[in-house]
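To start, the structure under review is shown below, and the notes come after it.
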Amino acid sequence: DLYLLEGRGLFNGGFSGFGQVTIEPNDKISFQLGYLRAYHPKGDLNLTGSTGSFLARDPFNDRRSTADNLNFEAQWKVKDWFQIGGWAGASFARPEDDSDDDDITIITGALTLAFPDLFRDGSLGGIIVGVPPIITDGGDDDDLKDPDTSIHIEVFYRFQMNDNIAITPGLFVITNPNHIEDNETLWVGTIRTQFRF
Numbered sequence: 047d048l049y050l051l052e053g054r055g056l057f058n059g060g061f062s063g064f065g066q067v068t069i070e071p072n073d074k075i076s077f078q079l080g081y082l083r084a085y086h087p088k089g090d091l092n093l094t095g096s097t098g099s100f101l102a103r104d105p106f107n108d109r110r111s112t113a114d115n116l117n118f119e120a121q122w123k124v125k126d127w128f129q130i131g132g133w134a135g136a137s138f139a140r141p142e143d144d145s146d147d148d149d150i151t152i153i154t155g156a157l158t159l160a161f162p163d164l165f166r167d168g169s170l171g172g173i174i175v176g177v178p179p180i181i182t183d184g185g186d187d188d189d190l191k192d193p194d195t196s197i198h199i200e201v202f203y204r205f206q207m208n209d210n211i212a213i214t215p216g217l218f219v220i221t222n223p224n225h226i227e228d229n230e231t232l233w234v235g236t237i238r239t240q241f242r243f
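Just so you know, we're using our numbering here: the sequence shown kicks off at 47 and counts up by one.
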């Protein structure tokens, strides 16, 4: 492809194009399907936006690469006080320097539970369980496949103090960090304060 050669293209750099379709059959259910095509120039490779394993972010040692990304999201308002949601994504990436035919597959996904107005109007409780971006298929190179699987578990509560201030304590746990079983489980507590004026 001529536009993938170094020094070619409109901006001589990375680019991406995105499209999304949203379907809302009623006021309780919504679906979204998205597609993104991205080109990453040499020295600027970050396939997962700095999430997931180090290998998934840069599996091709900073070589020029392209990726086709698919994303699906769904939300279901079961009750006024309870919502279920989730998303799943897949990225199909390949180097573009003609020296390697390795095509890789990266997947990610999560299930979310939300509890609007929990204990107080405007507050929100939430639980998220998911898998950070992971290479499940290394193409012709098994070394490009992540060896194990991390699980991300997060619990938070946004306490709406008034119309202008919210405090959100939270806890997240990551098992097998970086998708490596030998790594110890991470436990991280957070607290965030939001001001609106």
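Note that the Cβ used here is the ideal one computed from N, Cα and C, for glycine as well.
Buried or exposed (CB count within 10 angstroms, at least 16 for buried), R2: Residue 2 cannot be examined here, being either before or after the span of the chain that is shown, 47 to 243.
Once the 5 residues before and after G65 are set aside, which same chain residues still bring their CB inside 6 Å of it?
Taking the sequence shown and counting its residues from 1, one reaches residue 65 at position 19. The answer, listed in chain order, is Y81.
Return the chain-ordered list of same chain residues with a C-beta closer than 7 Å to the C-beta of P223, the five sequence neighbours on each side being excluded. The sequence position of residue 223 within the sequence shown is 177, counting from 1. Same-chain partners within the cutoff: S196, N229, L232.
Three-state secondary structure (DSSP) of P162 | The sequence position of residue 162 within the sequence shown is 116, counting from 1. In the structure shown, P162 sits in a strand (DSSP, three-state: E or B).
Item to complete: Just grab the DSSP bridge partners of V124 for me.
Response: If you number the sequence shown from 1, residue 124 lands on position 78. Answer is none; V124 lacks a bridge partner.
Rank T94, Y203, D167 by C-alpha distance to the C-alpha of F106 and give the top, closest one.
In the sequence shown, counting from the first residue as 1, residue 106 sits at position 60. Among T94, Y203, D167, the Cα nearest to that of F106 belongs to T94.
Same chain only: Cβ atoms within 6 Å of V175, ignoring 5 sequence neighbours per side: Taking the sequence shown and counting its residues from 1, one reaches residue 175 at position 129. Beyond the five residues adjoining it in sequence on each side, V175 comes within less than 6 Å, by CB distance, of L157, I199 in the same chain, given in chain order.
Nonlocal neighbours in the same chain, by C-beta distance under 6 Å from Q240, ignoring five residues either side
On the sequence shown, residue 240 is found 194 positions in, with the first residue counted as 1. So the list reads A212, once near-sequence residues are dropped.
### Message
Here's the rule: buried if 16 or more other CB atoms are within 10 angstroms of the residue's CB, otherwise exposed. What is S137?
### Response
On the sequence shown, position 91 is the one that residue 137 refers to. The residue is buried, with at least 16 neighbouring Cβ atoms inside 10 Å.
| Taking just the CA atoms, how far does D149 sit from Y49? | The residue labelled residue 49 in the question sits at position 3 within the sequence shown. The residue labelled residue 149 in the question sits at position 103 within the sequence shown. Residue confidence for Y49 is low, a pLDDT of 49 falling below 50, so the modelled location carries little weight; the figure read from the coordinates is stated next. Between Y49 and D149, the C-alpha separation is close to 20 Å.
Check: Would P178 be called buried (16 or more neighbouring beta carbons within 10 Å of its own) or exposed?
Finding: Residue numbering aside, residue 178 sits at position 132 when the sequence shown is read from its first letter. Flag for P178 reads buried.
In angstroms with no decimal places, state the Cα-to-Cα distance between D209 and F128. Reading the sequence shown from its first residue, position 163 is the one you call residue 209. Reading the sequence shown from its first residue, position 82 is the one you call residue 128. Taken atom to atom, the span from the alpha-carbon of D209 to that of F128 is near 22 Å.
- Spell out whether any CB of chain B is found under 7 Å from the CB atom of Y81. Looking for chain B here will not work: only one protein chain is present.
*If we ignore side chains and look at the alpha-carbon of each, how far apart do T112 and K74 end up?*
On the sequence shown, residue 112 is found 66 positions in, with the first residue counted as 1. On the sequence shown, residue 74 is found 28 positions in, with the first residue counted as 1. Approximately 37 Å between the Cα atoms of the pair.
- Inter-residue CB distance, N92 and R83 (contact presumed, cutoff 8 Å): Locating residue 92 in the sequence shown gives position 46, counting from the first residue. Locating residue 83 in the sequence shown gives position 37, counting from the first residue. Their Cβ separation, rounded to whole angstroms, is 16 Å, which puts N92 and R83 out of contact at 8 Å.
- Within 10 angstroms of the Cβ of I181, are there 16 or more other Cβ atoms? Answer buried if so, exposed if not. On the sequence shown, residue 181 is found 135 positions in, with the first residue counted as 1. That one is buried.
Quiz item: Excluding five sequence neighbours on each side, which residues of the same chain lie with their C-beta closer than 7 Å to the C-beta of Y85?
Solution: The sequence position of residue 85 within the sequence shown is 39, counting from 1. Answer for Y85: L50, G60, F61, T112, listed in chain order.
According to DSSP, residues forming a beta bridge with E70:
Counting from 1 along the sequence shown, the entry for residue 70 is found at position 24. None, per the DSSP bridge assignment.
**For E119 and P133, believed in contact at Cβ under 8 Å, the rounded distance** = The residue you call residue 133 lines up with position 87 of the sequence shown. The residue you call residue 119 lines up with position 73 of the sequence shown. For the sequence presented, residue 133 should be read as Trp rather than Pro. That pair is a contact at about 4 Å.
(Q) Tell me the DSSP secondary structure of L79 in three-state form. (A) Position 33 of the sequence shown, counted from the first residue, corresponds to residue 79. Correct three-state label for L79: strand.
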